[in-house]
Amino acid sequence: MVDAFAEAIPAGEDAGVLDAGCGTGRMSRYLADQGCRVQGVDLSPGMIAMARRDNPDLAFAVGSVTDLPYPDDRFAGVLLWYSIIHTPPAGQSRIFAEAARVLRPGGHLLVGFQSGEGIRDVAPAYRQFGHEIQLERHRYLADQVVAELAAVGLREVCRMVRRARDTERDDHAVVLAEAR
388 MVDAFAEAIP
398 AGEDAGVLDA
408 GCGTGRMSRY
418 LADQGCRVQG
428 VDLSPGMIAM
438 ARRDNPDLAF
448 AVGSVTDLPY
458 PDDRFAGVLL
468 WYSIIHTPPA
478 GQSRIFAEAA
488 RVLRPGGHLL
498 VGFQSGEGIR
508 DVAPAYRQFG
518 HEIQLERHRY
528 LADQVVAELA
538 AVGLREVCRM
548 VRRARDTERD
558 DHAVVLAEAR
């Protein structure tokens with residue numbers, strides 16, 4: 388689905404793709420290697436520092452997916468690759484509204500997330516490395532995400548849900564949507 392998303396961005400498109408919640412820039416690099424002009428944004432200055440170090444040819448900025456530092460209709464594509472998983476359901480609509488705001492009409496949004504219902508406490512995985520944090524991972528049903536996207540003016544193009552593999556605890560889903 389990521390390749391289909393990259394192919395949906397017109398070649399040479401000035402608007403490019405926003406990797407919102409880019410972390411260390413792994414998916415930004417992948418999209419750039421597929422020919423996309425990529426801008427990454429993440430709330431963590433540490434993640435952005437690593438993204439810049441590992442991808443000096445790409446542009447990255449510190450910012451929140453709930454208040455993106457870009458003008459309306461700026462991007463041909465927005466990637467939210469597992470960027471909603473630490474946000475409670477009440478905050479999800481704000482993320483999608485911001486993605487819709489910065490997408491050009493006809494632009495595409497790709498959302499990847501753990502599929503299911505409920506919350507997992509993932510802080511113990513970090514504590515074993517000496518990080519004392521509070522961190523939960525939220526799982527969402529694809530129908531729930533599609534409804535939230537529709538509420539902010541994004542139309543579902545397709546979705547994929549797959550079962551957890553041997554080493555995974557959760558199912559995974561990807562939704563591709565288009566701005567109207």
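Every letter in the sequence shown is one number past the one before it in this note's numbering, and letter 134, counting from 1, is 521.
Just so it is clear, CB atoms sit at the ideal spot from N, CA and C, and this is done for glycine as well.
query, result
"According to the Cβ coordinates, are Leu-522 and Val-562 closer than 8 Å?", "no"
"Under DSSP, the beta strand (DSSP E) around Val-562 begins and ends at which residues?", "558-566"
"Quick check: what's the CA-CA separation for Arg-549 versus Gln-501?", "10 Å"
"From this set, Ala-436, Ala-487, His-473, Ala-538, which residue's C-alpha is nearest Tyr-457's C-alpha?", "Ala-487"
"Near Arg-439, which residues of its chain fall below 6 Å by C-beta distance, leaving aside the five closest residues on each side in sequence?", "Phe-447"
"From this set, Leu-528, Pro-492, Asp-441, Leu-496, which residue's C-alpha is nearest Asp-406's C-alpha?", "Leu-496"
"Using alpha carbons as the reference points, say which of Asp-460, Asp-444, Asp-441, Ala-436 lies closest to Gly-450.", "Ala-436"
"Suppose contacts are defined by Cβ-Cβ distances below 8 Å. Is His-525 in contact with Thr-453 by that definition?", "no"
"When you compare only the Cα positions, how much space is there between Tyr-527 and Ala-463?", "25 Å"
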